[in-house]
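Colleague:
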Amino acid sequence: MIKIIDCKHVLLCTALWFVQNNAHAQMQKDLPSSNPFYTTSQLPYHVPNFNKIKNADYRPALKAGIKQQLQEIEQIANNTATPTFENTAVAMERTGQLLARVNNVFNLVTGANTNPELQQLQEDIAPEVASLNDAIYLNTKLFKRFETVYNYRLKLQLDKESKRLIEYYYQQFLLAGAKLSDADK
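At position 8 of the sequence shown (counting the first as 1) the number is 12 in the numbering used here, and the numbers step up by one without a gap.
(1) In this structure, does DSSP put N59 in helix, strand or coil?
(2) Starting from L178, trace the alpha helix (DSSP H) both ways and give me its first and last residue.
(3) Measure how close the beta-carbons of F41 and R105 come, nearest whole angstrom, since I'm counting them as under 8 angstroms.
(4) Within 10 angstroms of its Cβ, does V51 collect 16 or more other Cβ (buried), or is it exposed?
(5) Three or more beta-carbon pairs under 8 angstroms between the region 79 to 97 and the region 125 to 139, yes or no?
(6) May I have a chain-ordered list of the alpha helix (DSSP H) segments no shorter than 4 residues that lie completely inside the region 63 to 117?
(7) Under the three-state reduction of DSSP, which class applies to F150: helix, strand or coil?
(8) Kindly give me the distance between the Cβ atoms of V109 and I57, rounded to whole angstroms, as I take these residues to be in contact under 8 angstroms.
(9) Please go through the same chain and pick out, in chain order, the residues whose beta-carbon is closer than 8 angstroms to the beta-carbon of R63, but skip the five residues on each side of it.
(10) If you draw a straight line from the alpha carbon of N53 to that of A60, how long is it in whole angstroms?
(11) Could you round the C-beta distance between I77 and A134 to whole angstroms and report it? I think they count as a contact, below 8 angstroms.
(12) Is the beta carbon of A81 closer than 8 angstroms to that of Y141?
(13) In terms of residues, what are the limits of the alpha helix (DSSP H) holding V51?
(14) On the three-state DSSP scale, how would you describe K12?
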């Protein structure tokens with residue numbers, strides 16, 4: 005029996021592949037392969053190899069992660085396809101993998117064993133992370149995509165977790181001020 009493949013699913017998979025491929029290509033430009041955050045750790049459970057991480061590795065990895073996530077967010081916001089759960093919420097969930105990987109390790113290290121260099125980096129990077137959050141949650145095009153999915157969430161036959169994810173993101177946008185005028189943002 006031949007199964008007919010739904011064109012929407014093929015297009016979605018292709019679009020997600022391009023987003024991830026472009027993000028990885030950009031990361032290769034912004035982060036040297038010698039940086040331990042360049043790839044996911046090969047240790048069990050992807051535990052970071054702390055023996056290879058130096059203080060100097062965090063800044064370029066954090067900056068590359070911020071830049072990468074901004075590009076991924078812009079691709080979602082500028083997607084011309086009708087907003088769906090997959091091309092909006094699922095795509096958003098997949099953004100920022102490098103930043104999350106680096107930031108998780110950085111926060112653990114600075115919480116357990118900090119030094120003046122890492123404290124200075126915390127001060128330097130905090131405004132950039134705040135700016136990233138603003139760029140995400142005050143992005144009018146991105147909010148409109150989430151608002152569309154949110155408004156149709158009861159008709160989409162989503163499971164409880166998926167419906168909750170849409171409601172969570174919608175609330176995050178509202179709390180950040182997505183419905184404010186441009187002047188108030």
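A virtual CB, placed ideally from N, CA and C, is assigned to each residue, including glycine.
Modeller: A quick look at the data gives this:
(1) One-based indexing of the sequence shown puts residue 59 at position 55. DSSP places N59 in helix when its eight states are reduced to three.
(2) Within the sequence shown, numbered from 1, the residue matching residue 178 stands at position 174. That run of the alpha helix (DSSP H) goes K164 to A180.
(3) The count along the sequence shown starts at 1 and reaches residue 41 at position 37. The count along the sequence shown starts at 1 and reaches residue 105 at position 101. Contact check for F41 and R105: beta-carbon distance about 6 angstroms, within the 8 angstroms limit, so the pair qualifies.
(4) Against the sequence shown, residue 51 aligns to sequence position 47. Exposed, because fewer than 16 other Cβ atoms sit within 10 Å of the Cβ of V51.
(5) With the cut-off at 8 angstroms, the region 79 to 97 and the region 125 to 139 do not touch.
(6) If you keep only unbroken alpha helix (DSSP H) runs of at least 4 residues inside the region 63 to 117, you get 101 to 116.
(7) The residue labelled residue 150 in the question sits at position 146 within the sequence shown. Here F150 sits in helix by DSSP.
(8) Counted from its first residue, the sequence shown places residue 109 at position 105. Counted from its first residue, the sequence shown places residue 57 at position 53. A Cβ-Cβ separation of about 7 angstroms places V109 in contact with I57 under the 8 angstroms criterion.
(9) Counting from one through the sequence shown, the residue named residue 63 turns up at place 59. These residues qualify, in order along the chain: L125, D128 and I129.
(10) As a working mapping, residue 53 is identified with position 49 in the sequence shown. As a working mapping, residue 60 is identified with position 56 in the sequence shown. N53 and A60 have their C-alpha atoms roughly 15 angstroms apart.
(11) Your numbering for residue 77 matches position 73 in the sequence shown. Your numbering for residue 134 matches position 130 in the sequence shown. Contact check for I77 and A134: beta-carbon distance about 15 angstroms, past the 8 angstroms limit, so the pair fails to qualify.
(12) Residue mapping note: residue 141 aligns to position 137 of the sequence shown, counting from 1. Residue mapping note: residue 81 aligns to position 77 of the sequence shown, counting from 1. Their beta carbons are not under 8 angstroms apart, which means Y141 does not touch A81 by this criterion.
(13) On the sequence shown, position 47 is the one that residue 51 refers to. Where V51 is concerned, there is no enclosing alpha helix (DSSP H), given that its DSSP letter is neither H nor E.
(14) Translated into positions along the sequence shown, residue 12 becomes position 8. Reliability of the predicted coordinates at K12 is poor, the pLDDT of 49 falling under 50, and no value is obtained from them.
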